[in-house]
Structures are given as C-alpha cells and as structure tokens.
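Q: So for the sequence shown, the working numbering puts the first residue at 812; every next one is plus one. Here a beta-carbon is modelled for each residue, glycine too, at the ideal position from N, C-alpha and C. Here the structure is a predicted model, which is why all the values come from computation and not from measurement.
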Amino acid sequence: MAMTEVQLEECQILINNMPSGEYQIEDIYGEFNKENGDPRVFGKKFKKAVEDGKLENIELGRIDPGDKHWRYNLNGFLPD
Numbered sequence: 812m813a814m815t816e817v818q819l820e821e822c823q824i825l826i827n828n829m830p831s832g833e834y835q836i837e838d839i840y841g842e843f844n845k846e847n848g849d850p851r852v853f854g855k856k857f858k859k860a861v862e863d864g865k866l867e868n869i870e871l872g873r874i875d876p877g878d879k880h881w882r883y884n885l886n887g888f889l890p891d
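1) May I ask you to verify whether the region 822 to 838 touches the region 876 to 887, counting CB pairs closer than 8 Å and requiring at least 3?
2) Strictly by DSSP, which residues pair up with E833?
3) So, C822 versus L866, is the Cβ gap smaller than 8 Å?
4) What is the DSSP secondary structure of G872, counted as helix, strand or coil?
5) Can you give the beta carbon distance from L825 to I839, rounded, assuming they're within the 8 Å contact cut?
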C-alpha cells in the first residue's frame, strides 16, 4: 500500500514549484482528487513516502494539536 510512481511524480513536481514553508497535504496536493481514493488512506501513503525519502525537498514537520493534521516542511523551511 504505497503511492504509485505517477502519484510520486505529481507530488514531486508540486513540491518543487512551491515556496519554502510549512504546509498540510491539502496545501501541497490541492483539493483531494477522487481518483486517489479515500483521503485518509492517501494521507497515510503520502506520509510514508515522505518518511521513506521517496520525495525530495520535504520533511515531516509537526502534528497540529488542534486539527491533528501533519504539517510538512518544504524546500528547506525551518520552523521557529
């Protein structure tokens, strides 16, 4: 249960074209595309791809205590 090569390529292009900063998956991947299936499942696949180093210029950041969504640091962003 991993992201497909096409999904990885799409995400990498989006990441590379975004300014440095802290983002949620929705900010990176846009409105969830129904062809990707269940958003929770896709989110887990995305997080795993980041943890496994399958995507460049992105790191797992922090989990927001309010909405419990993970934040990702893109393109060298260093949080305060």
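A: Considering the structure as presented:
1) Result yes; three or more Cβ-Cβ pairs closer than 8 Å.
2) N884.
3) Yes. Within cutoff.
4) Secondary structure of G872 (DSSP, three-state): strand.
5) Yes, L825 and I839 are in contact; Cβ-Cβ is about 6 Å, under 8 Å.
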